[in-house]
Amino acid sequence: MLLEVQNLKVKYGSIEALHGISFNVKEGEIVTLIGANGAGKTTTLHTITRVPPPEGPKVCEGDILFKGKSILNLEPHEVVHKLHIGLAPEGRHIFGNLTVEENLKLATYARNDDSKIKEDYKLVYRLFPRLYERRKQRSESLSGGEQQMLAVGRALMTGANFLLLDEPSMGLAPLLMYEMFRALKELNQKEGITILLIEQNALLALQFAHRGYVLDTGEIVLSGTSEELLNNPEVKKAYLGG
Ligand code: ATP
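Encoded structure:
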């Protein structure tokens, strides 16, 4: 097992956002956590990546194991550079006054595997040709979809082989959404990158992932293969528009 979240309870001050959730991700899988606004999806990703207090979530019970070892004592940079987990956050958080190329380069600062870095640039530009075309352009002038691509590219440039994606479909026009998910599928199938995807667009997420979990106000209420969830009457009613 690559990632095991065990009975995780998380609070922001007095608000308990996660009430004891458990789920897992195996190497090479695409797993999705679906759920409505405020269900606790971002909190889950931020707890795995150890986003620091005061804004960050605080674990009050449970554990997160990566390859069998607890990661709760790690610093955020250790999660990225030692575990090779890359987060493409919601809202992108790219550096708008830097070019596409500079944003990607910045993500490599802690690496010294130059030949692999070169391969990763090629990979990112092959997956997202738009980023190559716009590599000299300031990132703030990219479209929302292109910025989303850059956020994924930047996570890859840290040397990640496990990607945590926070709503990559958010605000994307259908064509860009298609391009994004085609690229992510290729990353999983050809490069063996494991993906944990959180999404409000349940249909899209379940069509893309192997397995999924449904998160509802801080609790996992359903789980199964994507096919099982797509055919589940409760999921259909609550998340797939009937
Ligand atoms: P969305 O899809 O709207 O981003 P989400 O499923 O990602 O929602 P979270 O952002 O994880 O949900 O929020 C879960 C709960 O925790 C919500 O009730 C939210 O108000 C609360 N919460 C999130 N971040 C903070 C914070 N920094 N301080 C206090 N409460 C927070």
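First residue of the sequence shown: 1, per UniProt numbering; consecutive thereafter.
We put the beta carbon where it would ideally sit given N, CA and C, even for glycine.
Can residue i be considered in contact with ligand 3, in the sense that its beta carbon sits closer than 7 Å to one or more heavy atoms?
| i | result |
| --- | --- |
| residue 12 | Absence of ligand 3 is noted for the structure shown, with ligand 1 being the only ligands found. |
With residue i as the anchor, note down where its alpha helix (DSSP H) starts and where it stops.
| i | result |
| --- | --- |
| residue 41 | 41 to 48 |
| residue 59 | Element bounds for residue 59: not the alpha helix (DSSP H) but the beta strand (DSSP E), 58 to 66. |
| residue 197 | Note, residue 197: premise wrong, no alpha helix (DSSP H); beta strand (DSSP E) at 194 to 199. |
| residue 227 | 226 to 230 |
| residue 4 | Segment 3 to 12 is the beta strand (DSSP E) holding residue 4; no alpha helix (DSSP H) there. |
| residue 245 | Because the chain in this structure spans residues 1 to 242, residue 245 falls outside the shown range and cannot be described. |
| residue 74 | No alpha helix (DSSP H) contains residue 74, which DSSP labels as neither H nor E. |
Alpha carbons only, please: which of the options is nearest the one belonging to residue i?
| i | options | result |
| --- | --- | --- |
| residue 7 | 50, 65 and 26 | 65 |
| residue 160 | 123, 227 and 199 | 123 |
| residue 197 | 206, 190 and 191 | 206 |
| residue 166 | 182, 173, 149 and 226 | 149 |
| residue 88 | 195, 227, 96 and 218 | 195 |
| residue 47 | 20, 68 and 154 | 20 |
| residue 126 | 156, 94, 85 and 235 | 156 |
| residue 77 | 101, 232, 107 and 93 | 107 |
| residue 94 | 116, 152, 61 and 224 | 152 |
| residue 63 | 236, 140 and 4 | 4 |
For ligand 1, I want to know if residue i counts as a neighbour, meaning its beta carbon is within less than 7 Å of at least one of the ligand's heavy atoms.
| i | result |
| --- | --- |
| residue 237 | no |
| residue 55 | yes |
| residue 37 | yes |
| residue 220 | no |
| residue 58 | no |
| residue 90 | yes |
| residue 122 | no |
| residue 41 | yes |
| residue 200 | yes |
| residue 151 | no |
| residue 85 | no |
| residue 205 | no |
Going by DSSP, what residue range makes up the beta strand (DSSP E) through residue i?
| i | result |
| --- | --- |
| residue 22 | 15 to 25 |
| residue 235 | Counting along the chain, residue 235 falls outside any beta strand (DSSP E), though it belongs to the alpha helix (DSSP H) covering 233 to 239. |
| residue 165 | 162 to 166 |
| residue 215 | 211 to 216 |
| residue 33 | 30 to 34 |
Query raised in the report: Can you list, in chain order, the stretches of the beta strand (DSSP E) that have 3 or more residues and sit fully within the stretch 81 to 157?
Result: Every unbroken stretch of the beta strand (DSSP E) spanning 3 or more residues and falling wholly within the stretch 81 to 157 is given here in chain order: 85 to 88.
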